[in-house]
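Trainee:
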Amino acid sequence: MAKLPNPKDTPDMGFEEAMKELEGIVRDLEGGNVKLDDAVKFYERGAALKRHCESKLADARNKIEKITGDGKSLDPMDRE
């Protein structure tokens, strides 16, 4: 049986820590060894971690764009 997600406050987590926890949640849910009630808690925690990681990535992107000063997209798909 999977262990319930870490209740640590998401805003205090670094990107790597949040991604590691999110990966663990996905692995547990995909494994199918989680009771329904717990799966809902896992899903809620995973959604919060996903939003947190997206926010951290957006912040990093904005900082890099400020440093480079060119406003060009950093997405490799946009460079083609």
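Note that the numbering used here has the sequence shown beginning at 120, numbered continuously upward.
Yeah, the Cβ is synthetic: ideal placement off N, Cα and C, and Gly gets one too.
What you are looking at is a predicted structure, and each value in this text was computed from that prediction instead of being measured.
Can you tell me the Cα-Cα spacing of C88 and R164, whole angstroms?
Mentor: Since the first residue shown for the chain is 120 and the last is 199, residue 88 is missing from the structure and cannot be characterised.
Trainee: Taking E140 as the reference, which of T187, R180, L168 and D157 has the closest Cα?
Mentor: L168
Trainee: Just the Cα atoms here: how many angstroms apart are K154 and I144?
Mentor: For K154 and I144, the distance between alpha carbons rounds to 13 angstroms.
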